[in-house]
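Chemist: Numbering (the numbering used here), first residue to last: 65 to 307.
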C-alpha cells in the first residue's frame with residue numbers, strides 16, 4: 065500500500081469550481097482549520113497573484129488549495145518557501161526537470177512558468193491557504209499564442225502524459241509534509257540554491273535591476289548589497305522573456 069499523507073487528511077475533490085481558494089476559505093469558515101486539501105478538475109475563475117487570471121484547463125493540471133495551521137514564529141512567506149522547495153525538488157526527482165523558484169511565487173523550468181503559487185491568510189489569523197496550479201498535460205496549442213513562449217508543462221518538457229493526477233497530488237502532499245519537518249536553516253539554504261535570477265540582472269517593474277536575493281520576510285533585495293532596496297511586491301521577469 066502506498067504511503068498516505070498524515071497531515072493533509074481533510075481532502076475534497078470537485079469536478080468544477082470557481083476557484084479552489086474560494087472553496088477552501090469556505091471550508092475553514094465551516095471549521096476545518098488544518099490538514100485541508102481542495103482539488104478541482106477545472107476552475108472557471110482561476111486566479112493568481114494580484115487578482116490576475118490563471119489558466120486552468122480541465123484535467124490538464126493540478127488545481128489545488130491546501131490549508132496549514134501557522135505556527136506562532138513562522139510567517140506566511142516561510143510556508144510558501146517550504147512548499148516551493150518541496151515542489152521544485154519533487155519535479156526534479158520525479159521527472160528530471162531542473163525546476164527553479166522565481167520570486168515571489170512561481171516555479172520555472174528554463175525560462176518558462178510551470179507552476180504558480182498563491183497564499184492567503186484566513187481571517188482567523190491562524191490558517192494559511194496555499195493554492196497552486198501545476199501545469200501537467202498542456203500542449204503549446206492549449207497555451208495559445210499569449211502563453212506558449214512563457215509557460216510550459218510536464219508534458220512539453222518530458223513528452224509524458226500524466227494520467228493519475230490524484231496520485232501525483234498525494235506525492236506532492238507527502239513531499240510538503242516532509243519539508244515542513246526540515247529545519248528552517250536547511251529550507252533557507254535549499255531555497256537559495258533553487259532560486260533563479262539571484263546574483264544577476266533581471267527586469268523588475270519594467271526596469272533592469274541587479275537581484276541580490278530574498279530576506280527572511282520574503283522581501284526581494286535589489287540594487288546595492290550594502291544598502292539594498294526591499295520590495296514585498298512587484299513583477300520580476302527574466303531578461304530572456306523580455307521582448
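Idealized CB from N, CA, C, for every residue including glycine.
Looking only at its chain, what residues have a beta carbon closer than 6 Å to the beta carbon of residue 65, apart from the 5 residues adjacent to it on each side?
Modeler: The predicted model places residue 65 with a pLDDT of 40, which falls under 50 and marks its position as unreliable, so this point remains unresolved.
Chemist: Classify residue 290: buried if its beta carbon has 16 or more other beta carbons within 10 angstroms, exposed otherwise.
Modeler: So residue 290 counts as exposed.
Chemist: Does residue 170 pass the burial test, meaning 16 or more other C-beta atoms within 10 Å, or should it be called exposed?
Modeler: buried
Chemist: Does the region 212 to 221 come into contact with the region 159 to 177, if we say contact requires no fewer than three beta-carbon pairs (one atom in each stretch) closer than 8 Å?
Modeler: yes
Chemist: In chain order, what residues of the same chain lie with their CB nearer than 8 Å to the CB of residue 261, ignoring the 5 residues before and after it?
Modeler: 166, 167, 275, 300, 302
Chemist: Going along the chain, which residues of its own chain have a beta-carbon closer than 8 Å to the beta-carbon of residue 123, five neighbours each way excluded?
Modeler: 105, 106, 201, 229
Chemist: Please report the straight-line C-alpha distance between residue 130 and residue 235, rounded to a whole angstrom.
Modeler: Looking at the two C-alpha atoms, the distance is approximately 14 Å.
Chemist: Taking residue 293 as part of the beta strand (DSSP E), name the residues at either end of that continuous run.
Modeler: 293 to 295
Chemist: For residue 143 and residue 194, which I take to be in contact (beta-carbon distance under 8 Å), what is that distance rounded to the nearest angstrom?
Modeler: Residue 143 to residue 194, Cβ: 6 Å. Contact.
Chemist: Residue ranges of each alpha helix (DSSP H) run of no fewer than 4 residues wholly in the region 155 to 180, ordered along the chain?
Modeler: none
Chemist: Once the 5 residues before and after residue 125 are set aside, which same chain residues still bring their CB inside 8 Å of it?
Modeler: 197, 198, 199, 200, 201, 202, 217, 229
Chemist: Considering only the alpha carbon of each residue, which of 263, 225, 246, 92 lies closest to residue 150?
Modeler: 246
Chemist: Are the Cβ atoms of residue 278 and residue 192 separated by less than 7 Å?
Modeler: no
Chemist: Nearest to residue 68 by CA position, among 140, 241, 172, 254, is which residue?
Modeler: 241
Chemist: Might you give, ordered along the chain, the residues of its own chain that have their beta carbon closer than 6 Å to the beta carbon of residue 99, omitting 5 neighbours on each side?
Modeler: 71, 72, 73, 74
Chemist: Around the C-beta of residue 119, are 16 or more other C-beta atoms found within 10 angstroms, so that it is buried, or is it exposed?
Modeler: buried
Chemist: Specify, as a first and last residue, the run of the alpha helix (DSSP H) that residue 243 falls within.
Modeler: 229 to 244
Chemist: What does a CB cutoff of less than 8 Å around residue 264 pick up in its chain, not counting 5 residues either side in sequence?
Modeler: Taken in chain order, the residues that qualify are 274, 275.
Chemist: Our contact map puts residue 109 next to residue 83 with C-beta atoms below 8 Å; I'd like the distance itself, whole angstroms only.
Modeler: 6 Å
Chemist: Can you name, in chain order, every residue of its own chain whose Cβ lies under 7 Å from the Cβ of residue 89, other than the five neighbours on each side?
Modeler: 186, 193
Chemist: Between the Cα of residue 281 and the Cα atoms of 140, 80, 94, which residue gives the shortest distance?
Modeler: 140
Chemist: Should residue 231 go down as buried or exposed, given a rule of 16 or more other Cβ atoms within 10 Å for buried?
Modeler: exposed
Chemist: Within 10 angstroms of the Cβ of residue 225, are there 16 or more other Cβ atoms? Answer buried if so, exposed if not.
Modeler: exposed
Chemist: Give the DSSP-derived three-state secondary structure of residue 84 in the structure shown.
Modeler: helix
Chemist: To the nearest whole angstrom, what separates the beta carbons of residue 145 and residue 255, a pair I think is in contact under 8 Å?
Modeler: About 5 Å separates the two Cβ atoms, so the contact holds.
Chemist: According to the neighbour-count rule (16 or more other Cβ atoms, all chains shown, within 10 Å of its Cβ), is residue 306 buried or exposed?
Modeler: exposed
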